[in-house]
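Have a look at the structure below before the remarks.
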Amino acid sequence: MTQKAHCPGFEQNKTLKAIVCKCPACGKEIEVFSDELDRFKKCSGCGREIDPGQCRIDGKA
Numbered sequence: 505m506t507q508k509a510h511c512p513g514f515e516q517n518k519t520l521k522a523i524v525c526k527c528p529a530c531g532k533e534i535e536v537f538s539d540e541l542d543r544f545k546k547c548s549g550c551g552r553e554i555d556p557g558q559c560r561i562d563g564k565a
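Per my numbering: the sequence shown = residues 505 to 565.
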């Protein structure tokens, strides 16, 4: 039996979660991973800098 090989860094990245934020300026959805919440992202729609830590998460039951 052989072991499956993984890319370097696989173990530290397998627990990442993705969230979707909406740009407050243009409404475009931006995907942000849980390890990026402390970094500003640039909206691909309007170019505005967005603070992912300020994104509101809407839960639906």
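Just so you know, even glycine gets a beta-carbon here, dropped at the ideal spot from N, CA and C.
Can you tell me where the beta strand (DSSP E) holding residue i begins and where it ends?
i	result
Cys525	522-526
Phe537	533-537
Closest by CA to residue i, which one among the options?
i	options	result
Cys559	Ile534, Ser548, Gly549	Ile534
Please go through the same chain and pick out, in chain order, the residues whose beta-carbon is closer than 7 Å to the beta-carbon of residue i, but skip the five residues on each side of it.
i	result
Asp539	Leu520
Glu553	Phe544, Lys546
For residue i, which residues from the same chain have a beta carbon less than 8 Å from its beta carbon, with the 5 sequence-adjacent residues on both sides left out?
i	result
Ala565	With a pLDDT of 45 at Ala565, under the threshold of 50, the modelled position of this residue cannot be trusted, and the question is left open.
Cys530	Cys547, Gly549, Cys550, Arg552
So, for residue i: in the same chain, excluding its five sequence neighbours on each side, which residues have a beta-carbon less than 6 Å away from its beta-carbon?
i	result
Ala522	Glu535, Phe537
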